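Structure, as structure tokens:
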Amino acid sequence: MNPEPQLYLPAARSTQAGEVDMLFHAVNTMSVVLFILICGAAGYFVWKYRRRPGDEKTLSTPTFHSPAVEIFWSVGPLLVCIGLFHFSTRQYMESRVAPSDAIPVKVRARKWAWEFEYANGLVSESLHVPVNKPVKLTMQTADVIHSFFVPDFRVKQDVVPGRYSTLWFQATHIGEDQIFCTEYCGLSHSDMLAKVIVQSDEEFQKFLDYDPWAGKEPVEIGKELFEKKACGTCHTLDGTPKANGGPSLKGLFGKTESFNDGSSATVDEAYLRESILVPSAKVVKGFQPIMPPFQGSLKDNEVQGLIEFIKAQKL
Ligand code: CUA
17 MNPEPQLYLP AARSTQAGEV DMLFHAVNTM SVVLFILICG AAGYFVWKYR
67 RRPGDEKTLS TPTFHSPAVE IFWSVGPLLV CIGLFHFSTR QYMESRVAPS
117 DAIPVKVRAR KWAWEFEYAN GLVSESLHVP VNKPVKLTMQ TADVIHSFFV
167 PDFRVKQDVV PGRYSTLWFQ ATHIGEDQIF CTEYCGLSHS DMLAKVIVQS
217 DEEFQKFLDY DPWAGKEPVE IGKELFEKKA CGTCHTLDGT PKANGGPSLK
267 GLFGKTESFN DGSSATVDEA YLRESILVPS AKVVKGFQPI MPPFQGSLKD
317 NEVQGLIEFI KAQKL
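Residues in the sequence shown are numbered from 17 upward in steps of one, following our numbering.
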């Protein structure tokens, strides 16, 4: 395996790259050898059996059938094809089935960017992975078909609207590898790039533990999240409830809300927490259960920040 780019192949920097390259070289070498043999033989026979003066009188009876030759050129290529099929199928199966201990990463494709989300909720524009560990990507697209391609790893997978597709790899070298979109997806298709950043276990753990909110007050975190998650699309801060939206957040804390099921409750921290994580649990009278749940996509300090931000919206 060559961790650096070669004459006509990119660097081979995953566990799958070696076998893919072996198959590529096998097919390529066979093609070159057969090309030389076939064209060489054709040229040689053209020259050897060229017409010479007096040939008309000495035409021989040509041989039309030789069982030995027929068997040789039927069985030979058949064995070669079976061999190629065997190795290709094995490689394909290996590339489709991720090891059970693979690190899961969610991939979201959209026009024209990649986004990577880790199990702890961390979202990144680069795909950080630890070296020598299997990583499994579960990919979806927000719009059209894209295709995830890392030449250095020899892995490629379409990301198709309306379904999840998966891909796994194990990087073998610390460093950076290029991600391309390799399905024409519109104007900026060629700009739909990202990097795989292969790190040591320690560096990767540091990346996972990165806290974007370090040193910020909860109410600031809440304010930033309110904007980032576009909560304002449905919840105003000026006291007027939005039609086809949700209750205003102004003066919400401490108020008694009535719900669609006839019950009522005082708005406290526990109620806000539940309403952010599982909004359908208690739907305020007169509104529809249209808010998406944030269970699993907000960290504890983020929920706390939003609660503090809502508490700060006093009448
Ligand atoms: Cu996405 Cu091309």
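Backbone N, C-alpha and C fix where the C-beta goes; we use that ideal spot for every residue, glycine too. Computed from a prediction, not measured in an experiment: that's the story for all the values here.
Whole-angstrom distance between residue j and residue i, CA atom to CA atom
{"i": "Lys222", "j": "Asn260", "result": "43 Å"}
{"i": "Asp159", "j": "Leu322", "result": "30 Å"}
{"i": "Ala230", "j": "Ser313", "result": "18 Å"}
{"i": "Val319", "j": "His189", "result": "38 Å"}
{"i": "His251", "j": "Leu138", "result": "25 Å"}
{"i": "Glu324", "j": "Asp284", "result": "11 Å"}
{"i": "Arg124", "j": "Trp89", "result": "50 Å"}
{"i": "Tyr134", "j": "Ile54", "result": "54 Å"}
{"i": "Phe80", "j": "Ile87", "result": "14 Å"}
{"i": "Trp224", "j": "Leu143", "result": "With the sequence shown as reference, residue 224 is identified as Leu, and Trp is not the correct amino acid for it. Answer to the nearest angstrom: the Cα atoms are 11 Å apart."}
{"i": "Ser140", "j": "Ala286", "result": "30 Å"}
{"i": "Pro308", "j": "Ala114", "result": "31 Å"}
{"i": "Asp207", "j": "Trp130", "result": "11 Å"}
{"i": "Leu94", "j": "Leu25", "result": "28 Å"}
{"i": "Arg66", "j": "Thr77", "result": "17 Å"}
{"i": "Ala42", "j": "Trp63", "result": "31 Å"}
{"i": "Ser82", "j": "Met109", "result": "41 Å"}
{"i": "Phe132", "j": "Ser111", "result": "20 Å"}
{"i": "Gly92", "j": "Asp37", "result": "23 Å"}
{"i": "Lys245", "j": "Gln194", "result": "29 Å"}
{"i": "Arg68", "j": "Val49", "result": "31 Å"}
{"i": "Glu290", "j": "Thr249", "result": "20 Å"}
{"i": "Pro257", "j": "Lys301", "result": "12 Å"}
{"i": "Gly99", "j": "Ile52", "result": "22 Å"}
{"i": "Pro228", "j": "Asn136", "result": "13 Å"}
{"i": "Gly56", "j": "Glu72", "result": "26 Å"}
{"i": "Pro305", "j": "Glu243", "result": "21 Å"}
{"i": "Lys122", "j": "Ala84", "result": "57 Å"}
{"i": "Ser58", "j": "Val96", "result": "According to the sequence shown, residue 58 is Ala rather than Ser. About 23 Å."}
{"i": "Asp277", "j": "Thr105", "result": "57 Å"}
Rounded Cβ spacing between residue i and residue j (contact assumed at less than 8 Å)
{"i": "Lys232", "j": "Gln186", "result": "Their Cβ separation, rounded to whole angstroms, is 37 Å, which puts Lys232 and Gln186 out of contact at 8 Å."}
{"i": "Val212", "j": "Glu192", "result": "7 Å"}
{"i": "Gln15", "j": "Val294", "result": "Outside the shown range of the chain, which is 17 to 331, sits residue 15, and nothing can be said about it."}
{"i": "Ala33", "j": "Arg170", "result": "4 Å"}
{"i": "Pro263", "j": "Phe220", "result": "With a Cβ gap of about 42 Å, Pro263 and Phe220 do not count as contacting."}
{"i": "Asp217", "j": "Ser30", "result": "In fact, because the Cβ distance is near 17 Å, the residues do not count as touching under 8 Å."}
{"i": "Leu363", "j": "Gly267", "result": "Given that the chain is displayed from residue 17 to residue 331, the structure contains no residue 363 and the question cannot be resolved."}
Test item: CB-CB of residue i and residue j under 7 Å
{"i": "Gln329", "j": "Leu265", "result": "yes"}
{"i": "Ala118", "j": "Trp184", "result": "yes"}
{"i": "Lys127", "j": "Gly178", "result": "no"}
{"i": "His162", "j": "Val175", "result": "yes"}
{"i": "Leu39", "j": "Phe103", "result": "yes"}
{"i": "Ser116", "j": "Met155", "result": "no"}
{"i": "Pro120", "j": "Lys172", "result": "no"}
{"i": "Phe275", "j": "Ile326", "result": "no"}
{"i": "Asn18", "j": "Ala28", "result": "yes"}
{"i": "Val214", "j": "Val166", "result": "no"}
{"i": "Glu20", "j": "Gln107", "result": "no"}
Contacting residues, own chain, Cβ-Cβ under 6 Å from residue i (five flanking each side not counted)
{"i": "Ser47", "result": "none"}
{"i": "Phe196", "result": "Phe165"}
{"i": "Pro234", "result": "Gln320, Gly321 and Glu324"}
{"i": "Leu253", "result": "Leu265, Lys266 and Gln329"}
{"i": "Phe101", "result": "none"}
Beta-carbon proximity list for residue i, same chain, < 8 Å, skipping 5 on both sides
{"i": "His236", "result": "Note that residue 236 corresponds to Glu in the displayed sequence, not to His. Excluding residues within five positions, the ones whose Cβ falls inside 8 Å are Gly321."}
{"i": "Gly70", "result": "none"}
{"i": "Leu241", "result": "Cys247, Leu314, Glu318, Gly321, Leu322 and Phe325"}
{"i": "Ile292", "result": "Phe310, Leu314, Val319, Leu322 and Ile323"}
{"i": "Ser204", "result": "Lys127 and Trp128"}
{"i": "Ser279", "result": "Lys298"}
{"i": "Thr272", "result": "Ser280, Ala281, Thr282 and Val283"}
{"i": "Tyr226", "result": "Leu138"}
{"i": "Thr157", "result": "Arg124, Ala125, Arg126, Val175, Val176 and Pro177"}
{"i": "Tyr60", "result": "none"}
Own chain partners of residue i with C-beta closer than 7 Å, once the 5 adjacent residues on each side are dropped
{"i": "Gly402", "result": "Residue numbering for the chain in the displayed model covers 17 to 331; residue 402 lies beyond these limits and cannot be assessed."}
{"i": "Ala210", "result": "Trp130, Glu141, Ser142, Leu143 and Ile195"}
Chain B contact for residue i (CB, 7 Å cutoff)
{"i": "Phe220", "result": "You won't find chain B in this structure, because it holds only one protein chain."}
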